[in-house]
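Residue numbering for the sequence shown follows the numbering used here, beginning at 10 and increasing consecutively.
All C-beta atoms in this analysis are idealised placements derived from N, C-alpha and C, irrespective of residue type, glycine included.
These figures come from a predicted structure and were not determined experimentally.
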Amino acid sequence: MKLVRYGKVGKEKPGLIDADGKLRDLSAVIPDVSPQYLSDAMLAKLRKLKTASLPLVKGKPRMGCPVAHVGKFIAIGLNYADHAAESGMPIPKEPIVFMKATSCIQGPNDEVMLPKNSVKTDWEVELGVVIGTEARHVSQKDALNYVAGYCTINDVSEREYQLERGGTWDKGKGCDTFGPIGPWLVTRDEVPNPQKLDMWLDLNGERMQTGNTKTMIFGVAKLVSYVSQFMTLQPGDVITTGTPPGVGMGMKKNGKAAPIYLKRGDKVSLGIEGLGEQHQTVVAYKKA
10 MKLVRYGKVG KEKPGLIDAD GKLRDLSAVI PDVSPQYLSD AMLAKLRKLK TASLPLVKGK
70 PRMGCPVAHV GKFIAIGLNY ADHAAESGMP IPKEPIVFMK ATSCIQGPND EVMLPKNSVK
130 TDWEVELGVV IGTEARHVSQ KDALNYVAGY CTINDVSERE YQLERGGTWD KGKGCDTFGP
190 IGPWLVTRDE VPNPQKLDMW LDLNGERMQT GNTKTMIFGV AKLVSYVSQF MTLQPGDVIT
250 TGTPPGVGMG MKKNGKAAPI YLKRGDKVSL GIEGLGEQHQ TVVAYKKA
């Protein structure tokens, strides 16, 4: 299934994408795509629905984050060897874990806002993993059984804040609008191998990132197992699993460093095989 949340910010309704790619309303079945509806048992019930009987949603409404009430937004750094190399950092011996503020979460096509005084805002296409069942010290062998599904994420990052402001990555990762998620939550039964997904990102129509999840240093099962050693993973928690090479920070010209960072008016498009696409416009800082 492809579960979604659609509508105005703060007033999203639950829905699903049917076999014909049409948006169907789930409001009469569940109140929201919230953590209590992500268990295997609940997803099995939803899977049995006769989708043709669900109301069609007219027009093209805004898509929100496909999961409501995300408790933890956990991120993995330098999880592709070639990205670590372009960042000038060693390949990690264990997963690098940091947090993105849940206040940065937004819909897949909402505007990305440059932070105040930002000079190095960057992009990162990443595979997102949504937890469906509480996980604590789970084995790598069993880890995928705790996953509800997968989604596309842009781990937007302010590199100066991240790397030059005291060494705490969270500073550059949790700014407002830095967590576009979606458009869909694709349940794990439709993603039999999360380590075999093509991924890409374009900036203003030019391909910047081309990768595949098969080149992760630590795969999804390892990451879920590993993180569950340090914190209880709860339904609705999201893990974003790292990015392939091609980020702005690592750009080169004639063999020399020539970083490219996002500026007002830029158009970012990204996607992962089977998990849908995102399209964002970059805007200047706006006071809340």
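- Per DSSP, the continuous alpha helix (DSSP H) segment holding A230 begins and ends at V229 to V236.
- Nearest Cα to W132 within the set V147, D164 and P124: D164.
- The region 31-45 makes no contact with the region 180-193, as fewer than three CB pairs between them are under 8 Å.
- Here the C-alpha atom of G30 lies approximately 45 Å from the C-alpha atom of R174.
- For Y15, the enclosing beta strand (DSSP E) begins and ends at K11 to Y15.
- Across the set K59, T142 and W178, the C-alpha of T142 shows the shortest separation from the C-alpha of Y46.
- For A157, the CB contacts under 6 Å within the same chain, skipping 5 residues up- and downstream, are L47, V139 and G141 in chain order.
- Judged by DSSP in its simplified three-state form, T177 adopts coil rather than helix or strand.
- In this structure, the CA atom of N154 is about 45 Å from the CA atom of K265.
- Setting aside the 5 residues that flank it on each side, A93 is surrounded in the same chain by L87 and I100, each with a C-beta closer than 6 Å to its C-beta; the list follows chain order.
- The C-alpha of T224 lies about 9 Å from the C-alpha of D91.
- Counting along the chain, the unbroken beta strand (DSSP E) around A157 starts and ends at V156 to N163.
- Secondary structure of A84 (DSSP, three-state): strand.
- Spatial neighbours of M122 in its own chain (CB-CB distance under 7 Å, excluding positions within 5 residues in sequence) are listed in chain order as D185, T186, V292, Y294 and K295.
- T241 is bridged by DSSP to nothing; it lacks a bridge partner.
- Per DSSP, F187 has no beta bridge partner at all.
- Setting aside the 5 residues that flank it on each side, L271 is surrounded in the same chain by T130 and V291, each with a C-beta closer than 6 Å to its C-beta; the list follows chain order.
- Assigned with DSSP and collapsed to three states, Q149 falls in coil, not helix or strand.
- For the pair I85 and T222, the CB atoms are not nearer than the 8 Å cut-off.
- For H92, the uninterrupted alpha helix (DSSP H) segment begins and ends at A90 to E95.
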